[in-house]
Structure formats: C-alpha cells, structure tokens
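Written below as structure tokens is the structure these notes are about.
2 protein chains.
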Amino acid sequence: MRHLLIYDMIEAVHRSGSIRKAAEDTNITASALNRRIQAFEKEFGSEIFERLPRGMRLNPAGELLLHHIRLQRQDMARVHGQVADLSGIRRGHVRIACSQALLPYFLPREISKYRAEFPDVTFTVNVRDRIQAERDLVNFDSDLALVFEPAHMVDFEVLHAVHQPVMAVMSAAHPLAGQQILRLRDCLEYDLVLPASQFGVRLLLDQAAARIGRKLEPALETDSFDMVRHFAAYGQSIGFQIPVGLNALARPEMAFVPIAERDVAGGQLYLGHLRGRTLPVASLKFANQVATALS
Amino acid sequence: MRHLLIYDMIEAVHRSGSIRKAAEDTNITASALNRRIQAFEKEFGSEIFERLPRGMRLNPAGELLLHHIRLQRQDMARVHGQVADLSGIRRGHVRIACSQALLPYFLPREISKYRAEFPDVTFTVNVRDRIQAERDLVNFDSDLALVFEPAHMVDFEVLHAVHQPVMAVMSAAHPLAGQQILRLRDCLEYDLVLPASQFGVRLLLDQAAARIGRKLEPALETDSFDMVRHFAAYGQSIGFQIPVGLNALARPEMAFVPIAERDVAGGQLYLGHLRGRTLPVASLKFANQVATALS
DNA sequence: CATACCGGTGCATTTTTTGCACCACTTCCA
DNA sequence: TGGAAGTGGTGCAAAAAATGCACCGGTATG
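As given, the protein sequences belong to chains R and H, one line each in that order. So in the numbering used here the end of the first sequence lands on 428, straight run, no missing numbers. So in the numbering used here the end of the second sequence lands on 428, straight run, no missing numbers.
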C-alpha cells in the first residue's frame with residue numbers, strides 16, 4: 134500500500150523518537166523523511182510532532198492521528214481478509230491476549246482445532262494480566278482478549294462470558310482431596326500457594342477472606358500458574374485455579390475440588406475485542422469457535 | 134490529503150461508472166486515472182472493478198473496499214474535528230437524515246440553539262423516509278438519523294428513543310376539537326387526510342383500522358405533512374401527526390387531540406447513528422442536545 | 001457497417017520525490 | 001570552556017514517478 138507509506142513513516146518516527154533513526158528503518162534519507170512529515174503536517178492542517186532538542190514526540194493531535202492510523206490499518210487488514218475469503222482462500226492472522234489460565238489446555242486445543250480446518254491461519258498468543266490485556270486491544274496489538282475478571286472494561290466489547298468457580302488444587306493424596314466441595318475456612322488450615330495480586334483468582338480469594346475476617350498468608354506467592362500447580366502437586370499445600378486451566382484427565386496425580394460459592398463467588402471469563410471494531414474474518418471465526426467451546 | 138486521492142478516484146469511477154467520465158471530475162487524464170486504478174489493484178492484491186464493455190463496475194471486493202474507504206474518511210473527519218477541538222476552535226459539519234415531522238419546529242429550533250453556541254458548525258438536513266434514512270447512514274451520507282418508526286434497524290444504533298402518540302389534527306372549529314381524547318372510530322366519521330403509506334403514522338393508523346375491521350379511505354393522501362395540516366385547517370377533515378411535528382402556540386386556528394392509545398398505540402421516535410461508528414465531535418454534541426430536548 | 005463509446009498502452013514530458021552536502025541549534029562530557 | 005555528537009531543517013541537482021498525448025483493439029448501437 135504505497136499510498137499509506139506516510140503512516141508507516143509517522144509510526145516509525147513515533148517509535149524511534151527521531152527522524153534520523155526512523156529514516157534507517159524506513160530505508161530512506163533523513164531529509165526525505167523530514168520533508169514528508171512536514172508535507173503531511175501541512176496537509177493535515179496541524180503539527181503532529183513536538184520538536185524537542187532530543188528528537189520528535191507526538192503531540193495530542195498526533196496521538197489522535199496515531200489511533201486513526203492503527204484503526205485504519207486494522208480495518209484494511211479486515212478488508213483484505215474478507216477479499217481473500219471471497220476468492221476461497223482462508224488465510225489470516227489472529228492475535229490473542231489472554232490470561233495465564235488459558236495457556237495449558239484451552240487455547241492450545243482450540244487453536245489446533247481451528248488450524249485443522251484452516252491451516253493457513255496463524256496465531257500470536259500473548260499472556261497479559263487483567264489490565265494489560267485491555268491495553269493491548271486499545272493499541273491494536275491484539276484482536277481478541279480472553280481474560281478472567283478484566284479490570285475496567287471501558288473499551289472492551291464482550292463477545293461471550295462464562296462463569297468460572299474457583300477450584301482448590303492439591304495432590305491426590307491430600308486429606309481434602311476426596312471432598313465434593315470445600316469451604317474456604319478448611320483450606321486455610323493448610324499451606325497456601327497463591328497467584329500474585331494482579332491475578333483475578335487472587336483478587337476473589339482476598340475479597341472472600343476479608344469477608345470472613347481473615348487475611349491470606351500464602352506459603353508461596355508466584356506469578357506462574359504452573360508453579361501453583363506443581364507446588365501443590367508435590368506437597369500438602371493447596372493452590373487455586375479456575376476450571377478452564379485444569380484438566381483432570383491429564384493429571385491423575387492431582388485433585389481439583391470446587392470452593393463453595395457462598396465463600397468465594399467465582400468470577401467471569403470474558404471473551405471480547407476492542408469496542409467498535411470490526412474483526413478480521415479469521416479472528417471473528419475463531420472467536421465464534423471459542424465462544425462455542427466455552428458454553 | 135494527497136495520499137488519499139486514490140480513494141477519491143475510486144469513488145469517482147464508481148459514481149460515474151466509467152474512467153473517462155471520472156477523469157473529468159478528477160481533473161486528470163483518463164489514461165493517468167486508468168493507470169492509477171490499475172496500480173492500486175495490483176497493490177491491493179485483487180481487482181476491484183469489473184471491466185464491462187460499457188464501463189467499470191465495482192466487484193464484491195470493490196464493494197468491501199468502498200465501505201472501508203468511507204469509514205476511513207469519516208474517521209479522519211472525526212480526528213480533524215477533535216484536533217480542531219484541541220485548538221479551541223469548534224468547527225464541524227453535522228448531517229442529519231430525518232422524518233418530515235421534525236422539519237417544521239423541532240429541528241429548526243434545535244439547530245438554532247446549537248449554532249447559537251457554536252456558530253462555526255454547519256448542518257445538512259435531508260428528509261428521508263423510514264427506509265432511506267437507514268440507507269443514508271450505511272452509505273455515510275448522514276451522521277445522524279431522527280426517524281419515526283424506522284424500518285429494520287439492523288445497522289441502526291439507538292442513542293435515544295421517545296414515545297409519540299398519534300394526534301388528530303383539525304380546524305379549531307371542528308365538532309371534535311373540544312375533546313380531551315378521541316376514539317379512532319369517531320374520526321372515521323369525517324373526511325380523512327392521510328400521509329402516504331411509507332410513513333410511520335400511516336402505518337400505525339392502517340394497523341389500528343384493520344384491528345377494528347375497518348379500512349382507511351382517505352379523502353386526500355399526500356406525502357407532504359404540510360399538506361395534511363393545511364387541508365385539515367381549512368375544512369371539516371381530520372389529519373394525523375405526531376406531537377413533535379406540532380406546535381399549538383404557533384397555530385391557534387387548529388386543534389390537536391390525541392387518539393386513545395387503546396385504538397392507536399403510537400410509535401417511537403428514534404435518534405441514532407450507524408452501528409459501530411464513532412461520531413465526529415460536533416455530531417455527538419448535537420445528538421446529546423437533541424436527546425435532552427426529546428426527554 | 002459506421003459511429004461512438006469503452007479500457008489499455010508506448011513514449012516524451014512534466015512533476016514530485018529523493019539524496020547529498022551543509023546549516024543552526026542543543027546537549028553532554030572531557 | 002570548547003568540541004563532539006546528537007537533533008531538525010534546507011538548497012540544489014539527480015532520480016523516480018506521474019501525467020498527457022496519440023493511438024490500439026474491442027463492443028455496443030443505430
């Protein structure tokens with residue numbers, strides 16, 4: 134798209150913070166790039182960069198424009214996807230921001246299933262916490278977000294939501310492993326291995342503990358859900374996880390027991406995209422598949 | 134925006150149906166235009182026009198692209214508006230598709246009020262029936278639609294809705310003029326002047342008449358609401374209109390009496406825009422003002 | 001069968017873009 | 001304090017791209 138090159142240049146200058154550095158990325162001379170930026174600003178009707186002694190920085194008008202550029206580019210990608218669809222070719226790329234819990238079983242399974250049908254569709258999966266996932270959508274760094282208990286949801290358009298109770302995770306040999314359901318207070322008798330505070334499960338547990346006048350003091354706090362599972366598997370401690378991140382068949386040495394809803398209410402796993410966006414074909418189809426799988 | 138000229142050219146060819154005609158509009162030679170279209174198609178990766186013996190026509194890929202072009206242009210206009218806002222200038226243009234009933238009092242008043250605050254904002258008002266209004270939004274020919282009983286509402290995002298009972302309109306000297314409320318059957322004793330069948334009021338009346346086993350046989354059928362009022366004013370006939378199109382103070386020689394809701398249920402007046410669009414600043418502010426005025 | 005459209009193309013010309021060399025300025029550090 | 005290493009900006013000639021002109025081959029239309 135030669136006529137959109139100026140957009141690439143603007144983004145390059147924004148990224149590198151200087152015309153000269155951006156010129157290298159763009160395979161063009163600094164002077165040529167400089168003049169194209171100036172010509173654009175003249176056409177656009179206002180400056181989009183602040184000229185600082187150390188380089189260039191987007192001004193507020195430039196920020197607005199940058200958002201337009203990204204939106205524009207994404208929409209063009211969507212059109213390309215739909216045109217490819219027209220000619221019977223199913224190509225495309227899907228970028229997903231997701232919570233850690235989706236990584237071990239759910240997403241690998243769904244992506245494989247999708248690619249079995251459309252082998253030319255490729256994927257990017259980025260692990261993001263509740264806040265970062267939404268920022269990814271806003272910056273057009275991801276098409277879809279699949280997040281447990283997202284933070285504010287202002288720019289988040291929900292495609293599907295599903296309830297996820299909090300599950301206690303422990304060794305199959307654990308004294309509580311045989312229970313059908315567990316009370317939170319029973320869990321607190323044992324060592325706890327908890328995800329760090331930015332995670333939704335931890336948030337729900339902290340709130341639940343506060344309600345019964347307790348404070349969670351984990352034996353191990355980690356930002357890795359793998360760590361939670363493994364630590365729980367080989368000791369007497371109890372970890373916590375949501376069902377979508379667990380697979381009983383794959384791990385017979387472990388036991389997963391739901392916590393009573395009256396203690397820990399559980400949370401919602403949300404599938405969504407940036408409010409107001411029209412997704413590319415591939416992303417939309419994948420989103421539909423995921424929504425079906427979640428129900 | 135020189136770098137977007139190719140979009141204008143594509144639209145010009147689409148409009149005129151031929152490169153040579155489009156070339157005149159674009160102030161360019163047919164050969165140059167031809168080559169730019171070809172170059173674009175090569176970059177884009179697929180043809181966007183069908184070459185017919187009589188000229189050019191968009192193919193499905195072209196239709197998709199055209200929608201992107203319009204969306205992109207509108208979003209660029211939005212950015213321009215917001216940038217103008219940044220510099221303290223409140224400029225802009227608002228395009229409205231509306232039902233006829235809004236023309237005599239409501240819209241003139243609201244537009245004047247808005248322009249008193251922002252004199253540099255200009256307006257386009259197009260009268261559209263229930264189907265055309267929505268098509269206008271889809272084609273990006275209007276930013277806002279203000280429609281009584283719109284037809285399908287698939288691409289219509291509702292900003293505000295307000296109930297409008299059907300009112301009987303008659304001369305102040307009419308025998309029924311003194312009533313607080315009228316039954317439909319009483320009206321049918323007199324000559325009727327009705328809007329044509331594409332209008333929402335007529336639709337509601339036809340349905341209501343059918344429910345009591347009657348068929349409306351108007352003495353005068355017209356597509357002008359002015360005509361309805363004037364014909365009713367100077368005779369014994371009864372017209373129909375919704376409250377937003379009436380102004381009792383301005384017309385003391387006339388009487389407006391609501392029809393009983395159990396006979397004619399009344400309808401909704403909808404304010405909305407194209408689903409998923411982000412409106413330019415001026416349009417959004419005006420929409421908010423209209424929504425307030427309607428409540 | 002002639003005419004009047006249509007889109008497409010080779011080539012000379014015009015317009016635009018680019019690269020090079022250099023300027024003015026700020027920051028940073030010896 | 002002064003020079004080196006950055007920054008964005010500019011005049012000018014060379015390179016590249018876009019354009020206009022003249023013309024081709026085709027198809028409807030009367």
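All C-beta atoms in this analysis are idealised placements derived from N, C-alpha and C, irrespective of residue type, glycine included. Treat the numbers as computed from the prediction; the structure is a model and nothing was measured.
- For the segment 231-264 of chain H, the beta-carbon criterion of a distance under 8 Å to any beta-carbon of chain R is satisfied by none of its residues.
- Here DSSP, grouped into helix, strand and coil, assigns H/Asn-160 to coil.
- Contact between the segment 312-321 of chain R and the segment 358-367 of chain R is absent, with fewer than three C-beta pairs closer than 8 Å.
- It is roughly 27 Å from the alpha-carbon of R/Arg-190 to the alpha-carbon of R/Ala-210.
- Between H/Val-334 and R/Leu-292, the alpha-carbon positions lie close to 37 Å from each other.
- Counting only the Cα atoms, H/Ser-275 lies some 36 Å from H/Lys-348.
- Cβ-Cβ separation between R/Pro-298 and R/Gly-399: approximately 4 Å, consistent with a contact (criterion under 8 Å).
- The three-state reading of DSSP puts R/Leu-315 in strand, counting E and B together.
- The Cβ atoms of R/Leu-407 and R/Glu-290 lie closer than 8 Å to each other.
- Counting other Cβ atoms within 10 Å of its Cβ, R/Gly-409 stays below 16 and is therefore classed as exposed.
- In the DSSP annotation of this structure, the continuous segment of the beta strand (DSSP E) that includes H/Leu-353 starts and ends at 353-355.
- Annotation note: the segment 221-294 of chain R contains the following uninterrupted alpha helix (DSSP H) runs of length 4 or greater, listed N- to C-terminal: 239-250, 263-271.
- Distance from the CA atom of H/Ile-139 to the CA atom of H/His-201, rounded to whole angstroms, is 13 Å.
- H/Pro-328 is bridged by DSSP to H/Thr-355.
- For the segment 397-416 of chain H, the set of residues with a beta-carbon nearer than 7 Å to any beta-carbon of chain R comprises Gly-409, Thr-411, in chain order.
- Below the 7 Å Cβ cutoff, chain R contributes Leu-219 as neighbours of H/Pro-193, in chain order.
- Burial is judged here by how many other beta carbons sit within 10 angstroms of a residue's own beta carbon; R/Lys-246 has fewer than 16 and is exposed.
- By the neighbour-count criterion, in which 16 or more other beta carbons inside 10 Å mark a residue as buried, R/Pro-283 falls on the buried side.
- Counted as a single uninterrupted DSSP element, the stretch harbouring R/His-406 is not any alpha helix (DSSP H) but the beta strand (DSSP E) occupying residues 400-407.
- When H/Asp-324, H/Asn-380, H/Ser-428, H/Ser-149 are compared, the shortest CA-CA separation from H/Ala-234 is found for H/Asn-380.
- For R/Ile-375 against R/Leu-402, the beta-carbon gap comes to about 7 Å, under 8 Å, which counts as contact.
- For R/Met-300, the enclosing beta strand (DSSP E) covers residues 300-304.
- Not flagged as an interface residue toward chain H: R/Leu-327, since no C-beta distance is shorter than 8 Å.
- Taken in chain order, the members of the segment 196-210 of chain H whose beta-carbon sits within less than 7 Å of a beta-carbon on chain R are Leu-197, Leu-198, His-201, Leu-204, Gln-205, Asp-208, Met-209.
- The alpha carbon of R/Gly-214 has as its nearest neighbour, out of H/Gly-178, H/Cys-231, H/Gly-150, H/Arg-187, the alpha carbon of H/Gly-178.
- Of all residues in the segment 298-324 of chain H, none places a beta-carbon less than 8 Å from a beta-carbon of chain R.
- Chain H has a Cβ within less than 8 Å of the Cβ of R/Glu-176.
- For a Cβ distance threshold of 7 Å, residue set Leu-197, Leu-198, His-201 of chain H lies close to R/Val-212, ordered along the chain.
- Inclusion of H/Ser-416 and H/Val-227 in the CB contact set at 8 Å is warranted, their separation being smaller than that value.
- Rounded to whole angstroms, H/Asp-262 and H/Ala-172 show a C-alpha spacing of 40 Å.
- Taking the beta carbon of H/Arg-135 as reference, the chain R residues within 7 Å of it are Glu-176, listed in sequence order.
- Shown here, H/Met-134 sits in coil according to DSSP, grouped into three states, outside any helix or strand.
- Under the DSSP assignment, R/Arg-335 falls in the alpha helix (DSSP H) whose first and last residues are 333-344.
- With respect to chain R, the C-beta atom of H/Val-216 has a partner C-beta closer than 8 Å.
- Against chain R, the CB of H/Ile-143 has no partner CB under 8 Å away; the residue lies outside that interface.
- Residue pairing from DSSP places H/Ala-388 in a beta bridge opposite H/Met-303.
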